Structure formats: C-alpha cells, structure tokens
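Presented below is the structure to which this report refers.
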Amino acid sequence: MDNITLIGAVSILTAGITMAIGSIGPAMGEAKAVVAALTSIAQQPDAASTITRTLFVGLAMIESMAIYCFVVSMILLFANPFWNFVITKVTGG
Amino acid sequence: MRISPDEMVFFEYGFVKINFTIVTTWAIMLFMVIGSILVTRKLVIKTKISRWQSILEMVVTGIKEQIEEVGLHKSKTYIGFLGTLFLFLFTSNLLTILPVYEPPTSSLSTTAALAVSVFFAVPVFNIMEHGILDYLRSYVKPLPIMLPFHIISEFSRTLALAVRLFGNMMSGVIILGILITITPLVFPIVMTAFGLLTGSVQSYIFTILATVFIAAAANETETEVNT
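Going down the list, the protein sequences come from chains A and B. Counting from 1, position 6 in the first sequence corresponds to residue 6 in this note's numbering; the numbering is continuous, with no gaps. All you need for this note's numbering is the position in the second sequence, starting with 1, plus 1000.
What follows is the structure, given as structure tokens:
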C-alpha cells in the first residue's frame, strides 16, 4: 500500500469511528436530560416554560460535543490537510 | 463538496478576497440597518403606533427581558452588543429558506470573529462597570493558584463558542447537500425546517452564553466589592 492509499483509508476510517464513538456519549447525555426534564414537567406543569428553555439550552450544549466530532470528521473527509499535503507533494506543486 | 461558503470566491485582488460569506454578511447588515432606519424614522408615542414600530418594540423588549432574566440588571448598557449579536445571528440563520443562500455562520471565520468580539466584550464591560483593579482581582479568586485555569477557561470557552455555532450551521448545510443527492423529493424540506429550529436555538444560545459570561464576570466582582 503506498502512502496516498494509506492516508485516504486511515482518514475515512477515522472519520467513521469519530462519528460513531462521538455520538454515543451525547446521545446518552441528551436522553438523561430529556428524562429529567419530562419528570419535572410532569411534577410541576407550571414551571414548564422555564424547564423547556433550560432544557433547550442544555441540549444544545450537550449536542455541541457531537458537533465537535462531526466537524473533525468533516475536516478529515473534505478538507484533510494531510491529504492535500501528499497530493501537492505527488503532483510536484 | 465545499464545507464552507468561504471557498466560493467572486473577486480576488492580491490580499483582498470577496467571497460568498462577505457578500451575505454585508447584505444582511445592509438589510437590517436600512430596515431599522426606515422603521425608526418616524417613531410616535401614542396609543396607535405603526405595525413596524410595534414589531421592533416587541423585539427590543423581548431581548431586554431575556438579558435581565440572566442577571444583568442594567440591561441598557448591554443591549447594544447582545441585541446586535442575537439579531444578526437570528437573521442569518433564518434566511436559509432562500434558495441559493448559505448562512455566513456556516463559515468558521464569521463565528470566530463573533466569538472573539465576545472574548473582548467580557473584560471591556467588566472594566467599565467595576474598574480595572477589580477586574484583575477576579482572576486570582478564590486563590492565586486558580490564575492559569481562569485564563485557560477564557480561551477554551471562546473556541467552544465559535466551533459550536459553526458546526451546527455547517452540519445543516452539509446534511442538506447529502440529502439532495440521495432523496431529492421531500426530505430536504423536512431537514430545512429542522435547520430553522436549530438555527434559531443556536443563535439564542450564542447570545445567552455571551450574556452569562458577562454576567458571571460582573457578579463575581460585585460580590467581592460587597465582602
């Protein structure tokens, strides 16, 4: 396997693994947050608006973990610096 | 596939580059500035106000209430910065319903610029409020050993702020692009609707986090002044 194939294969594999592992944690965290919010809304329907707003903010904060992984995998797939480096080396740029 | 509207360059002359992000940013700025000038040209204090003035008043009072709810009581000082931030982000994220438009927030340069302005706004507001000594003293609270952690947290939260908004908006654009190649019929519309929700929530979160940072810094020194 030459270097170009190796870099391409490793980048694609890493992008997939990043998304897979990186979405497990946020998914569980969001599930816990939603469960807690639903329980408290069921107990105190009066505070529903406050709870919902806090829930949305919290969900977006948790989700940003998954978003970081997504950004990394997108960089690996579409704007890979190592790939660009090798390509310019090979084409003699 | 382009992952940011930065790569679509219209005009290039040496160092100067006019790309899609700059064009959309300036278009939104012009749209909002001219719109508000037109509305605020003839403001009245009567029981019967014009439709546009009523909308603008609702927006301003809404933002003001949100700022006060977080804990910044002198909301007049802060509404200029925070309100502009929110309205710019909200408009740029919601205009994704237009056909060829890509939100400028899906480019890392825009979000990084906004996050850096928040990064500088926190100490500026704090010094304006409490003076430079109290501000500097807040870094060595509760113990001087916390100094490096305070500094690290300043930088890391700026980075998180920028990447969070960028990632959310960029993922919306990319998922739309992927969906159009696989199922071009109905699903892109559903994802666009979802993207509108994400966009408005993210602009709210960006603003509320900036407010919380400013409020945290302000209240920290305030309690210190009291003790």
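For glycine and all other residues, C-beta sits at the position ideal for the given N, C-alpha and C. Fair warning: this is a prediction, and the values are worked out from it, not measured in the lab.
Beta-bridge partners of residue i, as assigned by DSSP
i, result
"B/N1011", "A small fix is needed here, since residue 1011 of chain B is Phe in this sequence, not Asn. For B/F1011, which the question treats as bridged, DSSP gives the partners B/I1018."
Beta carbon proximity, residue i to chain A, threshold 8 Å
i, result
"B/S942", "Summary: the structure shown does not reach residue 942 of chain B, with chain B confined to residues 1001 through 1227, and so no result is reported for it."
"B/N1168", "yes"
"B/R1157", "no"
"B/V1201", "yes"
"B/L1072", "no"
"B/V1122", "no"
"B/S1054", "no"
"B/A1216", "no"
"B/V1173", "no"
"B/T1211", "no"
"B/I1037", "no"
"B/A1115", "no"
"B/V1118", "no"
"B/A1193", "no"
DSSP state of residue i mapped onto helix, strand, coil
i, result
"B/Q1053", "helix"
"A/A15", "helix"
"A/A79", "coil"
"B/S1101", "The sequence shown places Tyr at residue 1101 of chain B, rather than the Ser named in the question. Note: B/Y1101 maps to coil in three-state DSSP."
"B/I1045", "coil"
"B/R1002", "coil"
"B/K1064", "helix"
"B/S1107", "coil"
"B/A1217", "helix"
"A/A44", "For clarity, residue 44 of chain A is Gln in the given sequence; the question names Ala instead. Three-state DSSP puts A/Q44 in coil, outside helix and strand."
"B/P1188", "helix"
"B/L1143", "coil"
"B/H1073", "coil"
"A/G92", "coil"
"B/D1134", "helix"
"B/T1025", "helix"
"B/T1040", "helix"
"A/T52", "helix"
"B/T1183", "coil"
Near the ligand FMN: residue i beta-carbon under 7 Å from a heavy atom
i, result
"B/M1170", "Judged by which ligands are present, the structure shown has none, so any question about the ligand FMN falls away."
Counted within 10 angstroms of its Cβ, other Cβ atoms place residue i as buried (16 or more) or exposed
i, result
"B/R1164", "buried"
"B/Y1013", "exposed"
"B/T1111", "buried"
"A/V71", "buried"
"B/F1010", "exposed"
"A/L76", "buried"
Contact with chain B by residue i, beta-carbon distance below 8 Å
i, result
"A/I87", "no"
"A/A154", "Residue 154 of chain A lies beyond the residue range present for chain A, which begins at 1 and ends at 93; the question has no answer from this structure."
"A/M19", "no"
"A/M74", "yes"
"A/S64", "yes"
"A/V57", "yes"
"A/V71", "yes"
"A/I51", "no"
"A/A31", "no"
"A/A130", "Any answer about residue 130 of chain A is impossible in this case: the structure gives chain A only from 1 up to 93."
"A/A79", "yes"
"A/I67", "yes"
Can you confirm whether the region 1129-1146 of chain B touches the region 1193-1204 of chain B when touching is taken to mean that 3 or more C-beta pairs between the two stretches lie within less than 8 Å? no
Counting Cβ pairs closer than 8 Å, one from the region 1147-1161 of chain B and one from the region 1118-1136 of chain B, do we hit at least three? yes
For the pair the region 1002-1019 of chain B and the region 1095-1107 of chain B, tell me if three or more CB-CB distances fall below 8 Å. yes
Under 8 Å: do the region 34-51 of chain A and the region 1012-1026 of chain B share three or more Cβ pairs, one atom per stretch? no
Cβ contact check for the region 1025-1043 of chain B and the region 1086-1099 of chain B: 3 or more pairs under 8 Å: yes
Below 8 Å, can you find three or more Cβ-Cβ pairs linking the region 1124-1142 of chain B to the region 1046-1063 of chain B? no
Is it the case that the region 1064-1076 of chain B contacts the region 1210-1217 of chain B, given that we only count it when at least three CB pairs across the two stretches are under 8 Å? yes
Using 8 Å as the cut-off, can you tell me whether the region 1060-1068 of chain B makes contact with the region 1166-1184 of chain B, which would need three or more C-beta pairs spanning the two stretches below that distance? no
Would you check if there are 3 or more beta carbon pairs closer than 8 Å linking the region 1131-1140 of chain B to the region 1094-1103 of chain B? no
Is there contact between the region 6-13 of chain A and the region 62-71 of chain A, where contact requires at least three CB pairs shorter than 8 Å? no
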